[in-house]
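One structure below.
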Amino acid sequence: METILITGARAPIAMELARSFHSQGHTVIMADSFTLPVSRWSNTVSNYFKLPSPRFAPQEFADTLQQIITTHQVTHLIPTCEEAFYISSFKDGFPCKVWTSGIELMNQLHNKFLFTQVAKEYLPIPETELVNKFTTWTKSENYVFKPVYSRFAGQIISNKTLVNTYFTNSEQKNWIAQKRIQGKEICIYSIWDEGKLKAYVAYHPLYRVGKGAGIFFEPVNHPDVHEKVKLFGEAISYTGQLCFDIIIDQNDIPWFIECNPRGTSGAHLVHTDLANAFLYSDTEIQQNTAEYAVKGAMAFLYPQKLLTKRVRQAKDVIFRKKDFLPFLLQFVSILEVTYIMLIKRMTWLQATTRDIEWNGNEH
1384 METILITGAR APIAMELARS FHSQGHTVIM ADSFTLPVSR WSNTVSNYFK
1434 LPSPRFAPQE FADTLQQIIT THQVTHLIPT CEEAFYISSF KDGFPCKVWT
1484 SGIELMNQLH NKFLFTQVAK EYLPIPETEL VNKFTTWTKS ENYVFKPVYS
1534 RFAGQIISNK TLVNTYFTNS EQKNWIAQKR IQGKEICIYS IWDEGKLKAY
1584 VAYHPLYRVG KGAGIFFEPV NHPDVHEKVK LFGEAISYTG QLCFDIIIDQ
1634 NDIPWFIECN PRGTSGAHLV HTDLANAFLY SDTEIQQNTA EYAVKGAMAF
1684 LYPQKLLTKR VRQAKDVIFR KKDFLPFLLQ FVSILEVTYI MLIKRMTWLQ
1734 ATTRDIEWNG NEH
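Residue numbers 1384 to 1746, in this note's numbering, belong to the letters of the sequence shown in order.
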């Protein structure tokens, strides 16, 4: 049996991973720089460790992980959130299997401009330029503007007529203008090991936290997207969790908008097969057809939708009869984020990632 260290315990997908590995008889350890993340309450977790912030204390973060790995004889380290980039930076020093690619590739995929340059040979990419090279200001309402390092769509500017003086000189070098694509959004979650595709799911985020993270997941079947993702992952010999945001236009062309080289909510659709995908599977695991929802978040944001048959029948990603404490105590975890939001005077979504964000070379 293996000893699995999962970081990013604040994310519900970390608990999804823990439950899957535990069901296969493996020992699961969790870690995060939050004190009260939702996954720490799970009875599938044998130990929980609070980490220094990878963003504000990266070396201390790495040293603490090293100590945990050595003391507990960890065999696999699986990050789920943006701490993945810091783990990637130190991965060669960890005496276990680390489920990330190298930091140079990880950064290229995370950076919204560099991703388009790496991927355009393999994937349909909308016209994308750095703002300091952008000249089509008279048609700027046809473009989406966003920072090269950003998350949850929180800083996106769209459907606006802008002039180049809207952006500072610094922003012009660190924002992109991307041709706006109209169509249906789908998201991809996949697991890779040195260019071998281990698991793949496609889904539509029917409900979101604002413009950000999905909280209701509708499975989607699009064979052409699958083939393109497979081609790209093999070409870059990727290891870890690889995710994409895509828009399918009216001609059924899948336009790859962004890449997330880390875990996303799509892991819920792999569900109990996650452990098999990481450790055992010689064949690609594909999604089941069940719909999933973060019903605690739905209760806050879309309470009226809880009464609909579709949402009631969707599987809750947190509640399990044999592991019910996370469901009962998830609101304690929400309060920790709310406290950070208030003392740091930021949005709730910003508070969820403030201490783990990777913004290129800011260090």
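All C-beta atoms in this analysis are idealised placements derived from N, C-alpha and C, irrespective of residue type, glycine included.
Here DSSP, grouped into helix, strand and coil, assigns G1623 to strand. DSSP places Q1713 in the helix class (H, G or I) of the three-state scheme. The three-state reading of DSSP puts Y1549 in helix, counting H, G and I together. Contact between the stretch 1388-1400 and the stretch 1457-1466 is present, with at least three C-beta pairs closer than 8 Å. By DSSP's assignment, H1587 forms a beta bridge with E1601.
Per DSSP, K1529 lies in no alpha helix (DSSP H) segment; the continuous beta strand (DSSP E) that holds it begins and ends at Y1526 to P1530. The count of Cβ pairs closer than 8 Å, one atom from the stretch 1402-1415 and one from the stretch 1429-1442, reaches three, so the stretches are in contact. In the DSSP annotation of this structure, the continuous segment of the beta strand (DSSP E) that includes F1639 starts and ends at P1637 to N1643. Shown here, F1432 sits in a strand according to DSSP, grouped into three states. Restricting attention to Q1670, R1591, F1661 and T1511, the CA atom closest to the CA of L1652 is found in Q1670. In this structure the stretch 1588-1606 touches the stretch 1558-1572; the number of beta carbon pairs closer than 8 Å is three or more. Restricting attention to beta strand (DSSP E) runs no shorter than 3 residues, the stretch 1472-1550 encloses them at 1511-1513 and 1526-1530, ordered along the chain. Here DSSP, grouped into helix, strand and coil, assigns E1674 to coil. Given a length threshold of 4 residues, each whole run of the alpha helix (DSSP H) inside the stretch 1392-1430 is given here in chain order: 1395-1406.
Bounds of the beta strand (DSSP E) holding W1575 are K1567 to D1576. Rounded to whole angstroms, I1574 and V1481 show a C-alpha spacing of 13 Å. With a threshold of 16 other beta carbon atoms within 10 Å, G1646 meets it and is buried. Excluding sequence positions up to five before and after W1424, its CB lies within less than 6 Å of the CB of L1708, P1709 and L1712, all in the same chain and listed in chain order. With respect to the 8 Å criterion, Y1583 and E1667 are classified as neighbours on the basis of their beta carbons. Taking C-beta separations shorter than 8 Å and ignoring five residues to either side along the sequence, the partners of F1498 in its chain run Q1491, L1492, E1641 and C1642, following chain order. In the three-state scheme derived from DSSP, where H, G and I count as helix and E and B as strand, Q1633 is classed as coil. By the Cβ test, the stretch 1657-1664 is in contact with the stretch 1391-1403, since at least three Cβ pairs between them sit closer than 8 Å.
Residue pairing by DSSP leaves D1446 without any beta bridge partner. Within a 10 Å sphere around the beta-carbon of Q1561 sit 16 or more other beta-carbons, which makes this residue buried. Straight-line spacing of the CA atoms in A1397 and S1422 works out to 7 Å. In this structure, DSSP gives A1440 a state outside helix and strand, which the three-state scheme calls coil.
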